[in-house]
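If you read the sequences in order, they're chains E and W.
The working numbering applies: residue 227 is where the first sequence begins, and numbers increase by one.
The working numbering applies: residue 67 is where the second sequence begins, and numbers increase by one.
Each residue gets a CB set at the ideal place from its N, CA and C atoms; glycine is no exception.
In this text, all values refer to a predicted model and were calculated from it rather than measured experimentally.
First up is the structure itself, then whatever we jot down about it.
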Amino acid sequence: MTEPIADSATEELLDLTVVVNGVPRHAKAPARRLLSDFLRHDLRLTGTHVGCEHGVCGACTVLVDGQPMRSCLMFAVTAQAHEVTTVEGLGAIDSMGPVQQAFIECHGLQCGFCTPGFLTTITAYLEDHPHPTADEAREAISGNLCRCTGYQNIVKSVLRAAELRAERAGTTT
Amino acid sequence: MSALSERPANPVVGQEIPHEAASLHVTGEALYTDDLAVRTHGILHAHPVQAPHAHARITRLDPSPALEVPGVVRVLTAEDVPGVNDAGVKHDEPLFPSEVMFFGHAVCWVLGETLEAARLGSLAVEVDYEPLPSLVTVHEAIEAGSFQGGQPHMERGDIEAGFAGAAHVYSGEFEFAGQEHFYLETHCSIALVDENGQIFVQSSTQHPTETQDIVAHVLGLPSHAVTVQCLRMGGGFGGKEMQPHGYAAIAALGSTLTGRPVRLRLNRTQDMTMSGKRHGFHAQWRVAFDDTGRLQALDATLTSDGGWSLDLSEPVLARALCHIDNAYWIPNVRVNGRIAKTHKTSQTAFRGFGGPQGMLVIEDILGRCAPQLGIDPIELRSRNFYVDGQSTPYGQPVRHPERVAICWEQVLTTGDVATRKADIAAYNASHEHSKRALAMTPVKFGISFNFTSFNQAGALVHVYKDGSVLITHGGTEMGQGLHTKMLQVAATTLGVPLSTVRLAPTRTDKVPNTSATAASSGADLNGGAVKDACEQIIERLRAVAAGRLGVHPADVRFSDGHVGKVGGGATVPWADLVNQAYFQRIQLWAAGFYRTEGLHWDSSAMHGSPFKYFSYGVAASEVEVDEFTGAYRLRQVDIVHDVGDSLSPLVDIGQVEGAFVQGAGWLTLEDLRWDESDRPSRGRLATQAASTYKLPSFSEMPEVFNVALLERAHEDGAVYGSKAVGEPPLMLAFSVREALREAAAAFGPAGTSVDLASPATPEAVFWAVQEARGGAEPPHMTAMVEGAPGVVPDQPGADAAPLRPRSEQAAQPARAGT
Ligand code: FES
Ligand code: FES
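Here's what the structure looks like:
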């Protein structure tokens, strides 16, 4: 479906199928293709950002079977037959998830480059810890870097997201 | 209040609204430059060949083996350049060098069908080097007399008289580190050749006009043949003010030669090893106080580490000199500046642009001298604040100096400083191996580009027949919220709801000849231009409305999407009025322009009034230091900051918090290490990844962080009474460094003065603690000397050229060569 723009001309291409945001996606890619490059280049899901390229900043975090993983440290082949959720899968503009909504309300972003990694990380965290304290919220996202915000509003966003989640659960059950 | 600063009733400015692109960011729909690559058909990828020497002559460069690599399309070398082989405006940074000037310098670029092919091709290019001696530290450069550019000199009063009569004289030296920008999005440009040979460059650039200029001069084209667009940046911080141009030019050159789009995105290692950083500085100083601790004289020589080429080093140095006074009145001043030429990346703009470096010198001096003078640092600092009627050493009257004192008082009160200082004293008395301290520091920061000509901006506002509004302006968005503020300004001036206005990306074919989005001036300048354009349209619509409503034009009021009469009565919807105006053949768009009035500056004499106004702020920081490791915690930070009447409070508070944390990173964590050994790796940046270069993370956040904006802070020289915010709060972080110094000193007897290295990493704090306990001077530090007349800093030689940046020579050609 897409031209394999980042392939080495010499490498053998494998047929990959990864379920991304609920949809099985097929593409040809070499065995060494990173999941981050696979998402961005082969599937054109450019919401996943690459900041440090070696597992430190967390900008590239996606959910693999619901667990936060650094897509710059994973090969696409290892995601084969797993479910991957990227920021695009957390909710569209007219149907945002609570974490997305909270980041908007609390000004939890400036340049926005780190944001997708925070959103995925926090979404997974709140699944397991729906009512974090401020200290727990800090701890939960201490593995992600942001160069712009000074983090205050990101902590606020986590707490607000927990609130929104609870509210929504209350109204839908 | 001025016409520029006055707000109408119910303005959209001042409202707390989210970032204009927030919903795009949280859904992954916001596009950055590199995201366009996968949306561009047939794109080629560029990869550099980086030299493995700090300084070397290239004796042979053979690209032909690279062309054998499958997927390699072309290798770009100096021979390919049709125009000027230079990435800057000063002709000192060849795009394709014949001499390697720093470890990692790109000597040529390989284009491939895939990035991997280009990378393999770059490994195949054969280059022979003849290594040359290199200067890696600022000390080595000073020793060797290796300087570049002008040497500014700023003087006021009688320096010798200031020292002669003084009660206390101290002299010292201080060397402090630079800083890596580490914007999360690395440098990126995509170029293609459009219809009729028009070059279209998408670039992550803070200065699209200059990117356009450089691309044009490299390609040997007039500027009208090159269009540059910046959608947004994933952070800039000054690192994309001057540095993107060469990368954009490589992409554009590749595109013209191959006829295909070219993508140049630096990976993180390339970005860190190739692009410029904040300048580290070396300072020699002597200072005089009277017997009450009032500053009498300051004599200093600042040497910035410019790296291999000038880039923005001259204006950065000028701003350092202009901020060495910070918020303090010093009657007799002599400051000299010079730029060391070293074999490192070419250091560049970084939030504060030399201001932080100048201010760090005086704050370090006060922090070291306070114990010697026997005056509490909080008292020593406030005793020296400017008061009304005083001027800076470069001759600009200090307007609103009382705002520092007001912020200071407010922090003392809201931060409950007196009580906490007593608590700290009690804590320290009962804890042998752990000490706390609280320090307060002020900020006074001049707003405007020093160079007067840059203080201009343009905007283009279109009102369409259906009443919807599209605005474009010359500033770029890097997360700072400039676009958000511009939408608010347009909605306020036009009297329409925010949802009526849309903002289009920054492009040089919409608004030409723009200045960099820098010097914190983005909102002041572009806001003035947007407002001007909107006012022109409103004036035209006013006549139409007057006819329709049957009122005098002066009585027409535009508010919240309705047009009516002042004082009430029938209204017309905005869209209806606009549509009617269209049929009356009224021009519904306008180009706006703004220039900051009242500025003048002579950089050769370092004299004038370069700044429209000063921004003020105060911070109090409390830390706790562990004796055995030097590890510390930032327990509490209280800030009061002056942003005028805020255009967008959520955005402004976010800027204050982010800047403070970034400043604290520079001063306490971020430790650039270059290989200074004689090994073959000499000059290599050892900290070239996020794993070795420590950035502030959640763990370094203040445990309690209170930020307030100063109230009743109207600034009548700027758009809707606001003030700039991007840079000034970075310098509030001096309070953290001073608190660390005081906590380290608390391990020694009362009155201990310690010398603290910068960055004050736990290691540096550990050595400061050792010094306080009677140990040796910390590594890389020089002990302060007491006594008149002090150690006179190096003075410039007779051949030292005054500061005269190229931009100024172009503005005043008649003076060239003088
Ligand atoms: S890009 Fe993957 S962790 Fe930084
Ligand atoms: S918002 Fe820019 S890095 Fe986090």
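Are the C-beta atoms of residue i and some chain E residue less than 8 Å apart?
i, result
"W:Phe771", "yes"
"W:Gly696", "no"
"W:Ala318", "no"
"W:Gly94", "yes"
"W:Tyr460", "no"
"W:Asp357", "no"
"W:Ala88", "yes"
"W:Tyr313", "no"
"W:Pro825", "no"
"W:Ala755", "yes"
"W:Phe800", "no"
Please say whether residue j and residue i have beta carbons closer to each other than 8 Å?
i, j, result
"W:Gln413", "W:Gly372", "yes"
"W:Asp473", "W:Val191", "Note that residue 473 of chain W is Cys in the sequence shown, not Asp. For W:Cys473 and W:Val191, no; Cβs fall outside 8 Å."
"W:Leu170", "W:Tyr249", "Going by the sequence as given, residue 170 of chain W is Gly instead of Leu. Not a contact, by the Cβ cut-off of 8 Å."
"W:Val138", "W:Val176", "yes"
"W:Thr550", "W:Pro274", "no"
"W:Asn772", "W:Asp704", "yes"
"W:Ser457", "W:Asp158", "no"
"E:His252", "E:Leu260", "no"
"W:Pro762", "W:Gly731", "yes"
"W:Gly658", "W:Val527", "yes"
Whole angstroms is fine: what's the gap from residue i's alpha carbon to residue j's?
i, j, result
"W:Ser801", "W:Gly421", "16 Å"
"W:Ala88", "W:Asp692", "41 Å"
"W:Glu196", "W:Asp260", "41 Å"
"E:Gly289", "W:Gly346", "The sequence shown places Leu at residue 289 of chain E, not Gly. Taking the straight line joining both Cα atoms gives about 41 Å."
"W:Ala354", "W:Val857", "12 Å"
"W:Ser379", "W:Met797", "19 Å"
"W:Val717", "W:Leu560", "22 Å"
"W:Val202", "W:Ala210", "11 Å"
"W:Thr758", "W:Met850", "32 Å"
"W:Ala810", "W:Ala505", "12 Å"
"W:Arg778", "W:Leu258", "50 Å"
"E:Met322", "E:Leu352", "16 Å"
"W:His406", "W:Glu206", "For the sequence presented, residue 406 of chain W should be read as Ala rather than His. Taking the straight line from one Cα to the other gives about 9 Å."
"E:Gly376", "W:Ser687", "15 Å"
"W:Leu890", "E:Pro358", "With chain W covering only 67 through 884, there is no way to say anything about residue 890 of chain W."
Residue i CB to nearest chain W CB: under 8 Å?
i, result
"E:Met322", "yes"
"E:Thr311", "no"
"E:Asn247", "no"
"E:Ser220", "This structure gives no information on residue 220 of chain E, because the portion of chain E shown stretches from 227 to 399."
"E:Val244", "no"
"E:Leu239", "no"
"E:Cys278", "yes"
Determine the DSSP secondary structure at residue i, reduced to helix, strand or coil.
i, result
"W:Pro871", "coil"
"W:Pro160", "coil"
"W:Tyr648", "helix"
"W:Trp351", "strand"
"W:His91", "helix"
"W:Ile396", "coil"
"W:Ala232", "coil"
"W:Asp260", "coil"
"W:Tyr530", "coil"
"W:Ile441", "coil"
"W:Asn592", "helix"
"W:Ala641", "helix"
"W:Ala612", "helix"
"W:Asp865", "coil"
"W:Lys905", "Examination of residue 905 of chain W is not possible in this model, given that chain W is present from 67 through 884 alone."
"E:Asn379", "helix"
"W:Ile405", "strand"
"W:Arg15", "Residue coverage of chain W in this structure runs from 67 to 884, which leaves residue 15 of chain W outside it and unanswerable."
Counting by C-beta, which residues lie closer than 6 Å to a heavy atom of ligand 1, in chain order? The chain-ordered list of residues whose CB is nearer than 6 Å to some heavy atom of ligand 1 reads E:Val276, E:Gly277, E:Cys278, E:Glu279, E:Gly281, E:Val282, E:Cys283, E:Gly284, E:Ala285, E:Cys286, E:Arg296, E:Cys298.
Please enumerate, following chain order, all residues with a beta carbon closer than 7 Å to at least one heavy atom belonging to ligand 2. Qualifying residues, in the order they occur: E:Leu335, E:Gln336, E:Cys337, E:Gly338, E:Phe339, E:Cys340, E:Thr341, E:Cys372, E:Arg373, E:Cys374, E:Thr375, W:Leu250, W:Gly300, W:Gly301, W:Gly545.
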